[in-house]
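Protein sequence lines correspond, in order, to chains A and E. Going letter by letter, the first sequence gives residues 81 to 578 in this note's numbering. Going letter by letter, the second sequence gives residues 164 to 439 in this note's numbering.
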Amino acid sequence: MTSESSTGTPDQNDLKLRASIDRSLRHPVMFFFASGAAWLAVAIILGFIASYKSHDSDFLSGIEFLNYGRAYPAHINLLFYGWGCQAAFGLIVWLLARLSRSECRSTGIILTAGHLWNFGIMAGTLSILAGRGSGKPLMEFPPAIWPVLLLSYVFITVWSFIQVRCSYGGKTYVGQWYLLAAVFWFPWVYLTGHLFVFVFNGHPVMAAGINAWYKYALILLFFTPVALGTAYYLVPKITGRPIYSYSLALYGFWALAVIGPWAGMQKLAGAPLPQFMPYVGATATTLILIPGIAVGVNLLMTLRGHQAHIVASPSLRFTIAGIVGFLLLGLTGMALNTPATLKMTQFALTGYGFEVLAVCGFFSMCAFGGIYFIVPRITRREWLSRRFIGWHFWLTTYGILTVVVCSIMGGLFQGAAQEAYRSSWSDAASLSYAYNVGTTVAWGLIALGSFFFLVHLLLMWARLGKRSQHPTLLDGGHHEESPHGPDHEAEELQPAEA
Amino acid sequence: MESSPQNSPDSPGSPRQKDVNNTLKRFSTFWIGCILFVAFGLASLVLGIGFNKPVVNNIDKVNAKRRAMIKRGVDKSHAGAREKALLSFERVGAHFLNTAPAPDEKPEFVLPGSATQKRKAAGGSGIVVPAGFPTVDPDAPVDVAVMEQGKAMFAICSACHGPEGKGMYHINKTGPPLANSEWVTGPVANLIAIQFRGLSGPIEVNGEKYTPVAPMAPLPLDDNSIAAVLTYIRNSFGNKASPVTPEQVEAMRGELGKPMLSPADLIPPTAAASSN
């Protein structure tokens with residue numbers, strides 16, 4: 081993209097600027113990535129426990145604070161707020177600084193707000209595990225936590241808005257649209273959801289509807305634009321080519337902006353709400369495939385002829401896996417929201433499969449791509465081990481795929497058995513049993529992959545990475561021209577400070 | 164998207180760089196950002212304050228408060244209520260007792276064919292022994308077969324009077340004893356009338372006063388059965404008196420349908436001992 085994707089010699093001012101941006105953001109971004117990865121590990125372990133309990137209720141039955149009703153919400157909340165949001169903050173802060181080409185001047189405030197965010201997550205999670213959760217899906221943290229999180233969010237991201245507005249250089253990148261949109265959509269979704277559920281005295285059924293909307297809005301209006309913004313930054317950057325079609329990117333962005341906010345209420349199909357609400361939600365979820373195809377076609381066309389990059393570059397490999405995840409998300413959304421399938425998804429595991437696909441299969445993969453790209457630049461060290469990266473990739477990919485397939489297939493069997501009112505209710509449990517076991521095994525795989533990632537990231541944070549001018553690539557070959565992007569000049573320009 | 168590494172806009176002194184360092188613009192952007200972040204929430208809050216009445220969110224808590232309030236009120240109004248109630252019962256009861264009309268037995272108020280009319284026609288509530296009531300010799304032999312029949316019939320009576328005729332009064336305040344009872348060995352007319360009309364009220368037997376909790380119900384069987392059971396009780400439990408004949412029972416049939424007897428209505432046993 082523009083000057084950064086040039087294959088010629090970048091001018092010295094440019095290199096200095098990039099180096100100073102990276103230096104100014106080293107601590108906050110590493111803090112977000114590292115603490116996000118740590119929460120991810122906790123979330124995965126809790127997911128493993130919750131999934132194990134769904135087919136073996138005696139597992140850890142003596143430990144009160146790990147019973148299913150606490151481990152499951154803690155798992156989902158940590159996945160969204162502990163890992164997802166913090167990875168997104170790191171990406172937003174770094175990418176918007178780079179894209180608007182200005183240093184961060186509020187490192188201390190961002191770090192403080194980041195600590196406040198982590199404190200909120202910690203307090204909320206402990207409350208859930210202590211049995212003090214609010215019981216509202218994805219809002220299980222006690223009601224005192226959300227204003228704290230919102231406040232820290234404002235002080236994490238408002239600086240990026242200042243950077244974009246005060247350093248407008250006449251060009252706007254595709255990644256910038258998405259990231260800036262995410263910056264403003266998150267507080268809208270978060271504040272609206274919590275106000276209407278916790279503060280206003282609306283009808284309780286409507287509050288449940290808003291709660292269901294909130295989950296999808298968070299996925300489609302925050303995690304999705306952050307992931308797509310990252311992908312739109314990385315793909316042209318690493319391949320050194322411009323985006324295949326600017327207008328297709330614009331079309332995909334507005335399609336997401338128009339369709340995204342309507343999705344979510346299909347969870348309440350059959351509930352005493354005006355019937356158009358759940359069906360509008362189902363329609364919107366079906367239509368998510370449109371931005372999915374726009375993004376998928378655009379990025380894959382950009383990569384055409386550069387398959388070697390996908391094989392070699394860890395960032396690109398994760399990013400492409402994430403884009404494929406987005407396409408799968410669109411297809412799954414279409415399959416699960418037809419009138420025939422919608423009624424089978426109401427009380428089944430399918431919704432969980434959809435969320436895991438969105439947050440882990442799509443967002444996290446794109447975020448991993450971003451992290452594998454960003455961390456070497458801000459620490460000015462290269463990743464230590466391509467084996468670790470490879471293990472992380474394959475374990476995570478296969479694990480998430482298994483969780484998603486098991487949850488969705490098991491959920492459909494479960495839902496169909498629940499609908500069959502002439503047969504025993506226990507059929508619903510016995511039909512999904514094997515799929516539950518599969519989900520548990522897959523969470524174990526993901527936990528292993530996440531362990532490699534966490535250890536690797538912490539070693540990088542401790543600045544124990546390789547002092548090399550060659551990026552760590554997965555194919556092990558020697559490249560004349562770095563497929564990891566042409567900006568490792570910072571090292572030459574400015575010797576590392578130990 | 165095309166690259167333009169030359170003419171970098173980041174050189175110091177470029178218009179863009181000035182904007183980056185413009186403190187006023189940075190400051191205003193900070194507030195614009197903050198306001199945009201919460202704009203929708205603020206709008207909803209304003210609308211919410213306008214349209215949202217403070218509706219109960221926590222029904223349980225409020226209901227608990229309400230329940231406590233109601234309980235306090237009930238307790239308050241119940242305080243001293245027992246005493247008050249007793250006092251008012253006493254007053255009202257006394258009032259009713261004092262103002263209760265005396266039973267009016269004016270002839271024009273008595274229904275023809277009613278028990279009162281029959282009693283009046285018979286000359287009061289007492290036992291009417293018809294003229295020509297058959298008498299039996301006190302030393303007449305007692306038929307063993309009659310005694311056996313009477314014993315079988317006595318199974319009903321023993322519920323209150325006890326299988327040994329000692330009464331159940333000492334156990335559950337029902338029947339007074341039949342053994343050594345001057346009433347049992349007394350006038351036969353009394354015993355037959357009791358079978359037909361029942362008996363209620365405190366009664367003195369063998370010098371001891373009994374107040375049974377329930378009256379003896381009339382048990383108007385056929386003549387032979389009544390004669391047998393009365394013969395049995397008059398000649399068991401240490402009693403010794405004349406047997407009762409079916410003819411005697413039949414002669415007393417006029418007592419049937421009259422109001423229940425009280426001991427005062429009976430023929431005194433001492434007088435009867437000779438008259439039998």
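Ideal Cβ placement from N, Cα and C applies to all residues, glycine included. Bear in mind that the values here come from a model prediction, so they are computed numbers and not experimental data.
Tell me where the beta strand (DSSP E) around residue 372 of chain E begins and ends.
Residues 371-373.
Provide the residue span of the beta strand (DSSP E) that contains residue 366 of chain E, from first to last.
Here the beta strand (DSSP E) through residue 366 of chain E covers 366-368.
Report yes if the C-beta distance between residue 378 of chain E and residue 419 of chain E is below 8 angstroms; otherwise report no.
Not closer than 8 angstroms, so no.
Give a yes or no on whether 8 angstroms exceeds the smallest Cβ distance from residue 246 of chain A to chain E.
Residue 246 of chain A counts as touching chain E.
With DSSP as the reference, label residue 168 of chain E as helix, strand or coil.
Bear in mind that a pLDDT of 40 at residue 168 of chain E, under 50, signals an unreliable position, so the number given afterwards is only what the model happens to contain. Coil.
Comparing C-alpha positions only, which one of A/195, A/184 and A/172 sits nearest to residue 111 of chain A?
If we check each option's Cα against that of residue 111 of chain A, A/195 comes out closest.
Find the nearest neighbour of residue 593 of chain A within the set A/554, A/394 and A/358, judged by alpha-carbon distance.
Residue 593 of chain A falls outside the range modelled here, since chain A spans only 81 to 578, and no answer is possible.
Can you check DSSP and say which residues form a bridge with residue 362 of chain E?
Paired residue(s): E/379 and E/424.
Could you tell me which chain E residues have their CB closer than 7 angstroms to the CB of residue 234 of chain A, listed as they occur along the chain?
Those within 7 angstroms of residue 234 of chain A in chain E are 197 and 200.
Any C-beta of chain A sitting closer than 8 angstroms to the C-beta of residue 183 of chain E?
Yes, residue 183 of chain E lies at the interface with chain A (some Cβ there is under 8 angstroms from its Cβ).
Quick one: is residue 474 of chain A buried, meaning 16 or more other Cβ sit within 10 Å of its Cβ, or exposed?
Classification for residue 474 of chain A: exposed.
For residue 327 of chain E, which three-state DSSP category applies?
In the structure shown, residue 327 of chain E sits in coil (DSSP, three-state: anything other than H, G, I, E or B).
Do you know how far the Cα of residue 197 of chain E is from the Cα of residue 186 of chain E?
Between residue 186 of chain E and residue 197 of chain E, the C-alpha separation is close to 17 angstroms.
Would you say residue 281 of chain E and residue 403 of chain E are within 8 angstroms of each other, going by their C-beta atoms?
Not closer than 8 angstroms, so no.
Is it buried or exposed, residue 188 of chain A, if we count other Cβ atoms within 10 angstroms and call 16 or more buried?
Classification for residue 188 of chain A: exposed.
Would you report the Cα separation of residue 183 of chain E and residue 360 of chain A, rounded to the nearest angstrom?
Rounded to whole angstroms, residue 183 of chain E to residue 360 of chain A spans 44 angstroms at the Cα level.
Give the C-beta separation of residue 431 of chain A and residue 307 of chain A to the nearest angstrom, bearing in mind that I take them to be a contact with Cβ-Cβ under 8 angstroms.
Not really, about 20 angstroms apart at Cβ, beyond 8 angstroms.
Hey, does residue 203 of chain E have any beta-carbon neighbour from chain A nearer than 8 angstroms?
Yes, residue 203 of chain E lies at the interface with chain A (some Cβ there is under 8 angstroms from its Cβ).
Shortest alpha-carbon distance to residue 280 of chain A belongs to which of A/253, A/223 and A/330?
Ranking the options by Cα distance to residue 280 of chain A, first place goes to A/223.
Let me check understanding here. Comparing Cα to Cα, which of E/242, E/232, E/410 and E/394 lies closest to residue 310 of chain E?
Checking every option, the nearest Cα to that of residue 310 of chain E belongs to E/394.
At what residue ranges does the stretch 450-534 of chain A contain a whole run of the alpha helix (DSSP H), taking only runs of 4 or more?
As far as the stretch 450-534 of chain A is concerned, its whole alpha helix (DSSP H) runs of at least 4 residues are 466-499.
Mind listing the chain A neighbours of residue 224 of chain E? Cutoff is C-beta to C-beta under 9 angstroms, in chain order.
None at all; the shortest Cβ gap to chain A is about 14 angstroms.
Taking only beta-carbon positions, decide if residue 339 of chain A is within less than 8 angstroms of chain E.
Not an interface residue.
Under the rule that 16 or more other beta-carbon atoms within 10 Å means buried, what is residue 550 of chain A, buried or exposed?
It counts as exposed.
What did DSSP end up calling residue 423 of chain A once you bin it into helix, strand or coil?
It is coil, neither helix nor strand.
What are the boundary residues of the alpha helix (DSSP H) that residue 195 of chain A is part of?
Unbroken alpha helix (DSSP H) run through residue 195 of chain A: 187-209.
Distance, Cα to Cα, residue 95 of chain A vs residue 210 of chain A?
Spanning the two alpha carbons is a distance of roughly 51 angstroms.
Would residue 259 of chain E count as contacting chain A if we go by Cβ distances under 8 angstroms?
No, no contact with chain A.
Which whole runs of the beta strand (DSSP E) in the stretch 324-407 of chain A are 3 residues long or more, in chain order?
Here no run is fully enclosed.
Is it right to say residue 178 of chain A is buried, meaning 16 or more other beta carbons lie within 10 angstroms of its own, or is it exposed?
Its Cβ being crowded by 16 or more others within 10 Å, residue 178 of chain A is buried.
Taking Cβ to Cβ, would you say residue 342 of chain E is nearer than 8 angstroms to residue 328 of chain E?
Going by C-beta atoms, residue 342 of chain E is nearer than 8 angstroms to residue 328 of chain E.
Taking the alpha-carbon of residue 410 of chain E as reference, which of E/430, E/388, E/428 and E/370 has the nearest alpha-carbon?
Of the candidates E/430, E/388, E/428 and E/370, the one whose C-alpha sits nearest the C-alpha of residue 410 of chain E is E/388.
Between the alpha carbons of residue 137 of chain A and residue 159 of chain A, how many angstroms are there, rounded?
Using only the alpha carbons, I get a separation of about 23 angstroms.
Of the choices A/152, A/182 and A/132, whose alpha-carbon is the least far from that of residue 97 of chain A?
When each option's Cα is compared against that of residue 97 of chain A, the closest is A/182.
Cβ of residue 540 of chain A within 8 angstroms of Cβ of residue 455 of chain A?
Cβ atoms of residue 540 of chain A and residue 455 of chain A: closer than 8 angstroms.
Let me confirm a value: residue 254 of chain A is counted as buried when at least 16 other C-beta atoms fall within 10 Å, else exposed. Which label applies?
Burial call: buried.
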